[in-house]
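Novice: Let me give you the structure first, and then I'll get to my questions.
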Amino acid sequence: MTAAYSIETKAHDDGSQTLTIAGSVTLQQASGFFRDLLERTAHGSAFTIDLAGATTFDGGSIALLISRISELEQTGTKISVVGARPDVARLLSLYECADGLCDRPPNRPGTLQQIGAATCQIIATLRDVLAFVGALTISTWRAIRDPKSVPWRSLTRLLELAGADGAPIVVLINFLIGFILGLQAALQLEKFGANIYIADLVGKSLTRELGPLMTAIVVAGRSGAAYAAELGTMKVSEEVDALRTLGFDPMRYLVIPRVIALTTMVPLLVILGNLVGLLGGLLVGVIELDLTVVGYTLQTQNSLNLWDIGGGLIKASVFGCAIALISCQRGLATRGGAAGVGASTTSAVVTILFVLVSLDALFTVLFTRWEI
Amino acid sequence: MTVRPAIRVTGLRIGWGETVLLRNLNFEVAEQDRFVILGGSGCGKSTLLQHLVGLQEPQAGAIDIAGIGPPQAEVGPPRFGVMFQSGALFGSQTLLENVALPLQRWTSLSPAAVRAVGLSRLRLVGLEGFENRLPAEISGGMKKRAGIARALALEPKLLFLDEPSAGLDPITAVELDDLLITLNEVLGVTIVLVTHELESIFKVGTNCIVLDKETQGILAHGDPRKLRDTSDIPFVRAFFHREAQVSGQINGRDDA
Chain A
122 MTAAYSIETK AHDDGSQTLT IAGSVTLQQA SGFFRDLLER TAHGSAFTID
172 LAGATTFDGG SIALLISRIS ELEQTGTKIS VVGARPDVAR LLSLYECADG
222 LCDRPPNRPG TLQQIGAATC QIIATLRDVL AFVGALTIST WRAIRDPKSV
272 PWRSLTRLLE LAGADGAPIV VLINFLIGFI LGLQAALQLE KFGANIYIAD
322 LVGKSLTREL GPLMTAIVVA GRSGAAYAAE LGTMKVSEEV DALRTLGFDP
372 MRYLVIPRVI ALTTMVPLLV ILGNLVGLLG GLLVGVIELD LTVVGYTLQT
422 QNSLNLWDIG GGLIKASVFG CAIALISCQR GLATRGGAAG VGASTTSAVV
472 TILFVLVSLD ALFTVLFTRW EI
Chain B
8 MTVRPAIRVT GLRIGWGETV LLRNLNFEVA EQDRFVILGG SGCGKSTLLQ
58 HLVGLQEPQA GAIDIAGIGP PQAEVGPPRF GVMFQSGALF GSQTLLENVA
108 LPLQRWTSLS PAAVRAVGLS RLRLVGLEGF ENRLPAEISG GMKKRAGIAR
158 ALALEPKLLF LDEPSAGLDP ITAVELDDLL ITLNEVLGVT IVLVTHELES
208 IFKVGTNCIV LDKETQGILA HGDPRKLRDT SDIPFVRAFF HREAQVSGQI
258 NGRDDA
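For the protein sequence lines, the chains are A and B, in the order given. Under our numbering, read the first sequence as residues 122 to 493, first letter to last. Under our numbering, read the second sequence as residues 8 to 263, first letter to last.
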């Protein structure tokens, strides 16, 4: 793009300079124009900017000129603009800064202030969580006394979404986990000639720990994220407010069905996951360690007791409940628009993962202490 | 027409957390009024409406709705209808399901009767034939009208509307204004609305309050047409005559 403007500098005896800007400046030439302007006003204590020859300016170029003028005035340089044609003068006054300061430095909070704000944020979040738990307790009591106020028809859909629709990925993940566990165990056990114990190792670790945890993580990613995003979107589009004005309690209408759905569906998914996980282990045992299918199955039966599986299912139920509670709380606490929904979903999934692992540790400590 | 207050507001103070938006509000909405809440950008009109329908707790003062007392959301069958700015329809349900929802919950009507009543509400707002559409499949103006149909589902005597005609084309906006007047005159519904559209204000409003951000109170109270012609308060004059208050400054329009 060829320059359609010209800038000329003329120095006077008293140290002041006159800048004559002529031609037309549009946003296409603006970067060159701004560079020229900076160069020619870099040194000097007083400038007169003569715009008599300037035919056209567009808004962006005028804004650049004004921002440079305001910058120079801040440093004590004297500036005057003369000779602007009426249309250019109108643009100048339109873009002029009210208090002569175009570029205010953004208000950056100090480190201490940021720490303080973050602390207040944590306290506010804790208060929100407490309020949520309180409201949910009251609503649960009311729901028990008036079961008709819970939308049971929406529950079937939620059960299907969380359970049946989630089954394929749960099956795949648990099969692979059983397979990986088996492979790792096979490598070690072969050294000792203790091949048959692969069944114990896979069986115990899968039913007690990895089955419930991996399944819960899959459900957190599927249903947890979906609940947080769905409720968050309902919140920001005033649908939650609309529900309330129609006499529906969002807790009973939205939260309780989701809590029921996940509390019941996660254990069912875990049963399925356990089965295919054991199959994964069996596959490794048969192929890698030359065990027979019957031998592996018998060894699994001998090593597993009811509490291995039952404890895992109790865990799964608690995990499911936690996923639903956290994702609904985060969803309903959403503020702002699309970005708020994204933030709630992220926060829900991160919190769920943290809580799942913490709960799992707690369960393991309790179960080993009770020697179950 | 017996004029007794449908809503009485006394000493109301509202705001968010520590900040106070409006203080010491006192006004009454008479039965069968078409009451308009006015004011500049960010003065708290929509927040006031949220308090009137019980979605937020006032910091101080009282709101008394005839036959109900203080408004409380989500407790029992709704005693009044609320239309939200964007309609706030439930996105996963069709228009008919949206309108039928409060009927299923709060009446003992049979499914066929619920359907008939729901369809009649949609017909009332001119959405006949759209009952099986999802909210995402209809235009903004239709969503607002469907929102009104849902608010009317339980035959309330009091209807709150948040900016019903904002962002609509002039023809749809006029149709909506006519609908509100019809509801008011034929069904005797008391209407409280927040709006910015000057034509709507003069056409629909029989009474109004003008809120002020500076004084955090009510600047003027009365018939909007009279206020337009007689008020000597600069802001009220500027508002009704569509003038900029500070020359040279371009005032942004409120769309909050």
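Don't be surprised by glycine CBs; every beta carbon is placed ideally from N, CA and C.
Using beta carbons (cut-off 8 angstroms, strictly below), is A263 (chain B) in contact with chain A?
Specialist: With a pLDDT of only 37 at A263 (chain B), under 50, the local geometry of the prediction cannot be trusted, and the value read off the model is given with reservation. Answer no: the Cβ-Cβ gap between A263 (chain B) and chain A never drops below 8 angstroms.
Novice: Could you check whether L165 (chain B) and T189 (chain B) sit closer than 8 angstroms to each other, using their CB atoms as the reference points?
Specialist: No; because the gap between Cβ atoms is not below 8 angstroms, this pair is not in contact.
Novice: Would you decide whether N228 (chain A) is buried or exposed? Buried here means 16 or more other CB atoms lie within 10 Å of its CB.
Specialist: Exposed.
Novice: Is the CB of E281 (chain A) under 8 angstroms away from at least one CB in chain B?
Specialist: No - not a single Cβ of chain B is within 8 angstroms of the one on E281 (chain A).
Novice: Taking a Cβ distance cut-off of 7 angstroms, strictly less, list which residues of the segment 355 to 379 of chain A are near chain B, in chain order.
Specialist: Those would be S358, E359, E360, D362, A363, R365, T366, L367, G368, F369, D370, in chain order.
Novice: Below 6 angstroms CB to CB, which residues in the same chain sit around G394 (chain A) once its five sequence neighbours on both sides are set aside?
Specialist: Answer for G394 (chain A): V291, N295, G332, T336, listed in chain order.
Novice: Distance, Cα to Cα, A464 (chain A) vs C442 (chain A)?
Specialist: Approximately 22 angstroms, taken between the alpha carbons.
Novice: Going straight from the alpha carbon of T196 (chain A) to that of S188 (chain A), what length do you get?
Specialist: Near 13 angstroms, if we compare the C-alpha coordinates of S188 (chain A) and T196 (chain A).
Novice: Under a three-way DSSP split, which group does S127 (chain A) fall into?
Specialist: Correct three-state label for S127 (chain A): strand.
Novice: So for T418 (chain A), helix, strand or coil by DSSP?
Specialist: Correct three-state label for T418 (chain A): helix.
Novice: Is the number of C-beta pairs between the segment 476 to 485 of chain A and the segment 372 to 379 of chain A that are closer than 8 angstroms three or more?
Specialist: No contact exists between the segment 476 to 485 of chain A and the segment 372 to 379 of chain A.
Novice: Give the straight-line distance between the Cα atoms of D184 (chain B) and E281 (chain A), rounded to the nearest whole angstrom.
Specialist: Their Cα atoms are separated by approximately 44 angstroms.
Novice: Give the residues of chain A in contact with A159 (chain B), contact being defined as C-beta atoms less than 7 angstroms apart.
Specialist: Position check: residue 159 (chain B) holds Leu in this sequence, whereas Ala was assumed. Within 7 angstroms Cβ-Cβ: nothing; L159 (chain B) doesn't reach chain A, min ~12 angstroms.
Novice: Name, please, each residue of chain A whose Cβ falls closer than 8 angstroms to the Cβ of V60 (chain B).
Specialist: Those within 8 angstroms of V60 (chain B) in chain A are T366.
Novice: Return the residue from the list B:V121, B:F87, B:G224, B:I155 that minimises the CA-CA distance to G22 (chain B).
Specialist: Comparing Cα-Cα distances from G22 (chain B) to each of B:V121, B:F87, B:G224, B:I155, the minimum goes to B:G224.
Novice: Please report how far the alpha carbon of L297 (chain A) lies from the alpha carbon of G458 (chain A), in whole angstroms.
Specialist: One C-alpha to the other measures close to 39 angstroms.
Novice: Under the three-state reduction of DSSP, which class applies to G433 (chain A): helix, strand or coil?
Specialist: Here G433 (chain A) sits in helix by DSSP.
Novice: In angstroms, rounded to a whole number, what distance separates the CA positions of A37 (chain B) and K210 (chain B)?
Specialist: Using only the alpha carbons, I get a separation of about 18 angstroms.
Novice: Starting from the N-terminal side, write out each stretch of the alpha helix (DSSP H) that is 4 residues or longer and does not extend beyond the segment 142 to 174 of chain A.
Specialist: For the segment 142 to 174 of chain A, whole alpha helix (DSSP H) runs of length 4 or above, ordered along the chain, are 151 to 161.
Novice: When you compare only the Cα positions, how much space is there between L251 (chain A) and G212 (chain B)?
Specialist: Approximately 44 angstroms between the Cα atoms of the pair.
Novice: Look up C215 (chain B) in the DSSP assignment and say whether it is helix, strand or coil.
Specialist: Three-state result, C215 (chain B): strand.
Novice: Would the segment 13 to 21 of chain B and the segment 483 to 492 of chain A be scored as touching if the rule is three or more Cβ pairs under 8 angstroms?
Specialist: Taking 8 angstroms as the limit for Cβ pairs, the verdict is that the segment 483 to 492 of chain A does not touch the segment 13 to 21 of chain B.
Novice: Taking 8 angstroms as the cut-off, decide whether the C-beta atoms of G287 (chain A) and T466 (chain A) are in contact.
Specialist: Taking 8 angstroms as the Cβ cut-off, G287 (chain A) and T466 (chain A) do not qualify as a contacting pair.
Novice: How would you label T240 (chain A), buried or exposed, when you count the other beta carbons within 10 angstroms and need 16 or more for buried?
Specialist: Classification for T240 (chain A): exposed.
Novice: Please confirm whether E81 (chain B) has its beta-carbon closer than 8 angstroms to some beta-carbon of chain A.
Specialist: Yes, E81 (chain B) counts as interfacial toward chain A.
Novice: In this structure, does DSSP put G452 (chain A) in helix, strand or coil?
Specialist: Reduced to three states, the DSSP call for G452 (chain A) is helix.
Novice: Please determine, among A:L474, A:T485, A:L446, A:G314, the residue with the shortest C-alpha to C-alpha distance to L257 (chain A).
Specialist: The shortest C-alpha separation from L257 (chain A) is found at A:L446.
Novice: When you compare only the Cα positions, how much space is there between Y348 (chain A) and T277 (chain A)?
Specialist: Cα to Cα, Y348 (chain A) sits roughly 15 angstroms from T277 (chain A).
Novice: Suppose you measure from the CA of L158 (chain A) to the CA of V146 (chain A); what does that come to, to the nearest Å?
Specialist: Using only the alpha carbons, I get a separation of about 12 angstroms.
Novice: Taking C-alpha atoms, which residue in B:V60, B:R30, B:S53, B:G51 lies nearest to Q364 (chain A)?
Specialist: Note that residue 364 (chain A) corresponds to Leu in the displayed sequence, not to Gln. The option with the nearest alpha carbon to L364 (chain A) is B:V60.
Novice: Spell out whether any CB of chain A is found under 8 angstroms from the CB atom of R112 (chain B).
Specialist: Closer than 8 angstroms to some Cβ of chain A, the Cβ of R112 (chain B) qualifies, so yes.
Novice: Three or more beta-carbon pairs under 8 angstroms between the segment 87 to 104 of chain B and the segment 30 to 48 of chain B, yes or no?
Specialist: Judged by Cβ distances under 8 angstroms, the segment 87 to 104 of chain B makes no contact with the segment 30 to 48 of chain B, as fewer than three pairs qualify.
Novice: For L166 (chain B), which residues in chain A fall below 8 angstroms Cβ to Cβ?
Specialist: Residues of chain A passing the Cβ test: none, with the nearest at roughly 11 angstroms.
Novice: Which stretch, first to last residue, makes up the alpha helix (DSSP H) that contains L375 (chain A)?
Specialist: Where L375 (chain A) is concerned, there is no enclosing alpha helix (DSSP H), given that its DSSP letter is neither H nor E.
Novice: Check W491 (chain A) in the structure and name its three-state DSSP category.
Specialist: If DSSP states are grouped into helix, strand and coil, W491 (chain A) belongs with coil.
Novice: State the Cα-Cα distance for the pair Q100 (chain B) and K269 (chain A), rounded to the nearest angstrom.
Specialist: Spanning the two alpha carbons is a distance of roughly 20 angstroms.
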